[in-house]
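*Asks:* Here it is, the structure, as structure tokens.
Numbering (my numbering), first residue to last: 32 to 598.
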């Protein structure tokens, strides 16, 4: 009875807080009066709560909302690393219910259950817990951000779709069905399994590759392709047709390259997928890029760059004009770093525009434009149009041609900060490529602020990594794989960067007749070896394996061979 009264009092407090939370946010200067009116208007039409709308509009972060609720109602914020989970509770409380009600039972003692919840006043969630744990007398509730809670569910419960279940589902559902019916539930079931599983595993790409008589399904996770399963090619035509319908492509055309996109709601959030087909001797090969906004745009501190490099980048983006170019191979995190910088800038009263092909991550408070080639809209024309919109910052997805390069430099010369990427291996390669695109070397000193070369390295699994002795008595670490890391030996990635600031010392080289050779000498004298220094530190600290550095850079670039020894 006392717990019921406590819940009612808590609900009353919650109602009181929600009624006044917009006033509270305004008084604290977290939202403006006009933003408050927008939220109130949208609440009437959508029925959503004020705090949810404030987060959706980008007026305030979910973390800030939870801190206010914690301050006024006395609830702790849920941080997974702070809690030891009682696995026996999870065994009694199905994953499906945890996902449905956004709640995880953490521990239970003396009739009190500690739970993590997105909404601590969700009576349906509390009733569901009571049904599975009748002895509960009291709750100790922790407020969790939705993304944090869903990640915790994946971590604590594990992935529900094993390889065996996926294969069993495919064979069971597709066997004996009409091969021409692309709307068969079995087709949708199989695709749903693959898409949901890819999102849960945080795969960046899904590869569906036809071979002789079979189709290989693979995920790219942390930059490495990993096999998921294979199935007989008899099912392939229907699966391709269904994916083309979902992506708005021509299902009859099989000889040309096609590209499209679609989106699905997975775990209550909208996830976008970009699909591309490519004709091969065994049929159309399909690659699907996974664009999950929860994991797409990171804060600068989450990228893994060194503190010194973070300060350099933050200082560079405060410049009123000039260009910063990011380079590196495909999949090295250039776009992620660019948008992390934009996240830093968007709250600084700057007018920010992007030109992308296509838009990968939707960000509030900035103007994003997708290049429409079918309508005759080019990247260069997009820059011209943006310059008439009074921009402060322009993000250009990639410089690919001479016209785009010329317009990008024109923008950087006329009072705008330009952030962009270029396909080159290093800073010297960027200079060479820009000169190939018709940019005069004399324009570099006053307009090109910096060149950032980037790579991503896989981090060793904390659970299974081991220390070994290498040659010359140097310690190094390696991991053989365990259940925690899906027997890969690695979990997650971090960025390595080499930042070249084009200061006055470079001006003489740019104005000379042979700028590339002089630049090469200057780089040697200035010892730009951030890659090497950073990588060596990571190896010695046991965060990255020497084999991984060798895979990314090669021994000719980084002298990690001294760290290798006999196992």
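Glycine residues also receive a C-beta, built at the ideal position from the N, C-alpha and C atoms.
With distances taken Cα to Cα, identify the nearest neighbour of residue 292 among 280, 285, 582 and 286.
*Replies:* For the purposes of this step, residue 292 is identified with residue 261 of the chain shown, where counting begins at 1. The shortest Cα separation from residue 292 among 280, 285, 582 and 286 belongs to 280.
*Asks:* Thinking C-alpha only, which one of 550, 536, 526 and 549 is nearest residue 580?
*Replies:* For the purposes of this step, residue 580 is taken as residue 549 along the chain shown, with counting starting at 1. Ranking 550, 536, 526 and 549 by Cα distance to residue 580 puts 526 first.
*Asks:* Where does residue 245 fall in DSSP's three states?
*Replies:* Counted from its first residue, the chain shown places residue 245 at position 214. Residue state, collapsed to three classes: strand.
*Asks:* Could you check what DSSP says for residue 155 in three-state terms: helix, strand or coil?
*Replies:* Against the chain shown, residue 155 aligns to sequence position 124. Residue 155: helix per DSSP, three-state reduction.
*Asks:* Alpha carbon to alpha carbon, how far is residue 62 from residue 91? Give it in angstroms, no decimals.
*Replies:* Looking up residue 91 in the chain shown gives position 60. Looking up residue 62 in the chain shown gives position 31. Each residue's alpha carbon lies about 7 angstroms from the other.
*Asks:* Using three-state DSSP, classify residue 310 as helix, strand or coil.
*Replies:* As a first step, residue 310 is located in the chain shown; it is residue number 279 there, counting from the start. Here residue 310 sits in strand by DSSP.
*Asks:* Give the single residue among 254, 235 and 269 whose Cα lies nearest to the Cα of residue 219.
*Replies:* Locating residue 219 in the chain shown gives position 188, counting from the first residue. It is 269 whose Cα lies nearest to the Cα of residue 219.
*Asks:* For the candidate residues 422, 494 and 550, whose alpha-carbon lies nearest to that of residue 512?
*Replies:* For the purposes of this step, residue 512 is taken as the residue at position 481 of the chain shown. Ranking 422, 494 and 550 by Cα distance to residue 512 puts 494 first.
*Asks:* Quick one: measure Cβ to Cβ for residue 147 and residue 183, integer angstroms, because I've assumed they're closer than 8 angstroms.
*Replies:* Position 116 of the chain shown holds residue 147. Position 152 of the chain shown holds residue 183. At roughly 7 angstroms, the Cβ-Cβ gap stays under 8 angstroms, so residue 147 and residue 183 are in contact.
*Asks:* What residues in its chain sit with their C-beta under 6 angstroms from that of residue 297, if we drop five residues either side in the sequence?
*Replies:* Locating residue 297 in the chain shown gives position 266, counting from the first residue. Within the same chain, residue 297 has close Cβ partners 227 and 230.
*Asks:* Return the first residue and the last residue of the alpha helix (DSSP H) that residue 464 is part of.
*Replies:* Counting from one through the chain shown, the residue named residue 464 turns up at place 433. First-last of the alpha helix (DSSP H) with residue 464: 458 to 467.
*Asks:* Does the Cβ of residue 170 have 16 or more other Cβ atoms within 10 Å, making it buried, or fewer, making it exposed?
*Replies:* Within the chain shown, the letter at position 139 stands for residue 170. Under this definition residue 170 is a buried residue.
*Asks:* DSSP three-state call for residue 353: helix, strand or coil?
*Replies:* Taking the first residue of the chain shown as position 1, residue 353 is located at position 322. Reduced to three states, the DSSP call for residue 353 is strand.
*Asks:* Going by DSSP, what residue range makes up the beta strand (DSSP E) through residue 148?
*Replies:* Sequence index remark: in the chain shown, residue 148 carries index 117 (1-based). Segment 143 to 148, the beta strand (DSSP E) holding residue 148.
*Asks:* Classify residue 508: buried if its beta carbon has 16 or more other beta carbons within 10 angstroms, exposed otherwise.
*Replies:* In the chain shown, counting from the first residue as 1, residue 508 sits at position 477. Residue 508 should be labelled buried.
*Asks:* What's the C-alpha gap between residue 46 and residue 60?
*Replies:* Translated into the one-based positions of the chain shown, residue 46 becomes position 15. Translated into the one-based positions of the chain shown, residue 60 becomes position 29. In this prediction, residue 46 scores a pLDDT of 48, lower than 50, which makes its location untrustworthy; no coordinate-derived value is stated.
*Asks:* Report the option in 322, 260 and 429 whose CA atom is closest to the CA atom of residue 453.
*Replies:* Reading the chain shown from its first residue, position 422 is the one you call residue 453. Minimum Cα distance to residue 453 is reached at 429.
*Asks:* CB-CB under 7 angstroms to residue 71, same chain, minus the five flanking residues each way: which ones, in chain order?
*Replies:* Numbered from its first residue, the chain shown carries residue 71 at position 40. Once the five neighbours on either side are set aside, the close Cβ partners of residue 71 are 53.
*Asks:* Per DSSP, what kind of secondary structure is residue 540 in: helix, strand or coil?
*Replies:* Residue numbering aside, residue 540 sits at position 509 when the chain shown is read from its first letter. DSSP places residue 540 in helix when its eight states are reduced to three.
*Asks:* When you compare only the Cα positions, how much space is there between residue 588 and residue 121?
*Replies:* Position 557 of the chain shown, counting from 1, holds the residue named residue 588. Position 90 of the chain shown, counting from 1, holds the residue named residue 121. Here residue 588 scores only 47 on pLDDT, less than 50, and its place in the model should not be relied on; the value that follows carries that caveat. Going by the C-alpha atoms only, they are around 48 angstroms apart.
*Asks:* Could you round the C-beta distance between residue 541 and residue 484 to whole angstroms and report it? I think they count as a contact, below 8 angstroms.
*Replies:* Start at 1 with the first residue of the chain shown, and residue 541 comes out as number 510. Start at 1 with the first residue of the chain shown, and residue 484 comes out as number 453. Not a contact, Cβ separation roughly 19 angstroms.
*Asks:* Is the stretch 326 to 343 in contact with the stretch 436 to 450, if contact means three or more CB pairs nearer than 8 angstroms?
*Replies:* Taking 8 angstroms as the limit for Cβ pairs, the verdict is that the stretch 436 to 450 does not touch the stretch 326 to 343.
*Asks:* Under 8 angstroms: do the stretch 343 to 354 and the stretch 309 to 320 share three or more Cβ pairs, one atom per stretch?
*Replies:* Contact fails: fewer than three Cβ-Cβ distances are below 8 angstroms.
*Asks:* Please classify residue 265: does DSSP put it in a helix, a strand, or coil?
*Replies:* On the chain shown, position 234 is the one that residue 265 refers to. Here residue 265 sits in helix by DSSP.
*Asks:* How many angstroms separate the CA atom of residue 232 from the CA atom of residue 259?
*Replies:* Here residue 232 refers to the residue found at position 201 of the chain shown. Here residue 259 refers to the residue found at position 228 of the chain shown. Roughly 11 angstroms separates the two Cα atoms.
*Asks:* If you drop the 5 nearest sequence neighbours on each side, which residues of the same chain put their C-beta closer than 7 angstroms to that of residue 337?
*Replies:* In the chain shown, residue 337 corresponds to position 306, counting from 1. If we look at residue 337 and ignore the five residues flanking it on each side, its Cβ neighbours are 565.
*Asks:* Report the rounded CA-to-CA distance for residue 222 versus residue 552, giving the unit in angstroms.
*Replies:* Counted from its first residue, the chain shown places residue 222 at position 191. Counted from its first residue, the chain shown places residue 552 at position 521. Their backbone Cα atoms lie some 54 angstroms apart in a straight line.
*Asks:* Do you know offhand how far residue 576's Cα is from residue 490's?
*Replies:* Locating residue 576 in the chain shown gives position 545, counting from the first residue. Locating residue 490 in the chain shown gives position 459, counting from the first residue. Computed Cα separation, rounded: 8 angstroms.
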